[in-house]
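Numbering (this note's numbering), first residue to last: 255 to 314. Just below is one structure, and these are the notes that go with it.
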C-alpha cells in the first residue's frame, strides 16, 4: 500500500488527498482543541485563604 503511494505521489489525486488529510488535522486542532469545554466555568478566584477569596487581579 505504501509502495503504491510512493510510486503515485506526484499525481494530482494523491496530492489532493494528502492536502485534505492535512487540512482535516489542522481544522481539528483549531476547532475542537481550541474551543475548550463548554462546561468549564470562568474562574475569577485565584485562591481562598481563611475564607477570604483572592482574585486574579489581587483585590479581595
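Every residue gets a Cβ at the ideal spot worked out from N, C-alpha and C, and that includes glycine.
The DSSP-derived three-state label of residue 306 is strand. With contacts defined as CB atoms closer than 8 Å, residue 300 and residue 284 fail to qualify as a contacting pair. Following the DSSP letters along the chain, one finds residue 271 inside the alpha helix (DSSP H) bounded by residues 266-282. Taking the C-beta atoms as reference points, residue 259 is found nearer than 8 Å to residue 268.
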